[in-house]
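Okay, so here's the structure we're looking at.
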Amino acid sequence: MAYGLHNLRSAPGSRSNRRRLGRGHGSGRGKTAGRGTKGQKARTGGRGGLKRLGLRRILLAQPKLRGFRSLTPKPRVMNVGDLERAFASGATVTPQTLIAAKCISTARYGVKLLGRGTLTKSLIVQGVQVSAPAKAKIEAVGGRIDA
3 MAYGLHNLRS APGSRSNRRR LGRGHGSGRG KTAGRGTKGQ KARTGGRGGL KRLGLRRILL
63 AQPKLRGFRS LTPKPRVMNV GDLERAFASG ATVTPQTLIA AKCISTARYG VKLLGRGTLT
123 KSLIVQGVQV SAPAKAKIEA VGGRIDA
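In the working numbering, the protein residues as written are 3 to 149.
Right, here's the structure in full:
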């Protein structure tokens with residue numbers, strides 16, 4: 003017999019009916035419905051608080067999220083000291099060359115160059131946002147910034 007979507011069957015014993023609790027003595031799960039006799043665990047709502055208390059401890063241990071978080075994505079940040087290590091003198095620095103040099107993983111939200119570190123190589127920077135200190139350092143060594 004060929005199998006198709008119209009004649010597939012689940013394996014024998016893989017699917018069992020759920021237990022219907024408290025449905026008469028003959029069912030085997032009547033009267034106390036598997037809860038035993040008396041006690042807090044036998045009552046309705048008897049044990050739910052333990053989970054709630056445990057969750058409360060976890061929530062209290064979490065750090066508080068305060069303040070405002072902007073939905074506007076921020077550009078990837080780099081320093082001029084990173085350019086010193088990654089590029090040769092006279093090289094052109096663009097978002098694509100930064101990705102190729104493995105300085106950044108993505109340029110989806112833009113790239114911004116900051117002024118930390120020293121720069122001795124003359125570089126041409128294109129298509130990258132540049133802070134004022136970074137601009138001063140790039141131009142001081144004979145580099146230029148093309149908008």
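Beta carbons: idealized from backbone N, C-alpha and C, even for Gly.
Just so we're clear, the structure is a prediction, and the values are computed from it rather than from any experiment.
Residue range of the beta strand (DSSP E) that residue i falls in?
i: Gln128; result: 126-128
i: Arg31; result: Careful: Arg31 lies outside any beta strand (DSSP E) and carries neither H nor E.
i: Arg146; result: 146-148
Look at residue i and residue j and say whether their C-beta atoms are less than 8 Å apart.
i: Leu116; j: Ala136; result: yes
i: Lys139; j: Ala90; result: no
i: Gly129; j: Thr96; result: yes
i: Val127; j: Ile147; result: yes
i: Gly36; j: Ala44; result: no
i: Gly24; j: Gly32; result: yes
i: Gly51; j: Val82; result: no
i: Leu61; j: Leu85; result: no
i: Met80; j: Val132; result: no
i: Tyr111; j: Pro77; result: yes
Would you verify that the beta carbon of residue i is, or is not, closer than 8 Å to some beta carbon of chain C?
i: Ser16; result: Absent from the structure: chain C. Only one protein chain is present.
State the beta-bridge partners of residue i as determined by DSSP.
i: Leu73; result: Answer by DSSP bridge pairing: none, since Leu73 is not bridged.
i: Ile106; result: Looking at the DSSP assignment, Ile106 forms no beta bridge with any residue, so it has no partner.
i: Cys94; result: The sequence given here places Thr at residue 94; Cys does not occur at that position. DSSP output for Thr94 lists Ile126 as bridge partner(s).
Could you give the DSSP three-state label for residue i: helix, strand or coil?
i: Leu100; result: helix
i: Lys114; result: strand
i: Ile140; result: helix
Which residue spans inside the region 33-92 form an unbroken alpha helix (DSSP H) run of at least 4?
-> List check, alpha helix (DSSP H) in window: 50-63, 82-88.
Note down, one range per segment and in chain order, each alpha helix (DSSP H) of at least 4 residues found wholly within the region 4-28.
-> Counting only runs that start and end inside the region 4-28, there is no alpha helix (DSSP H) element of at least 4 residues.
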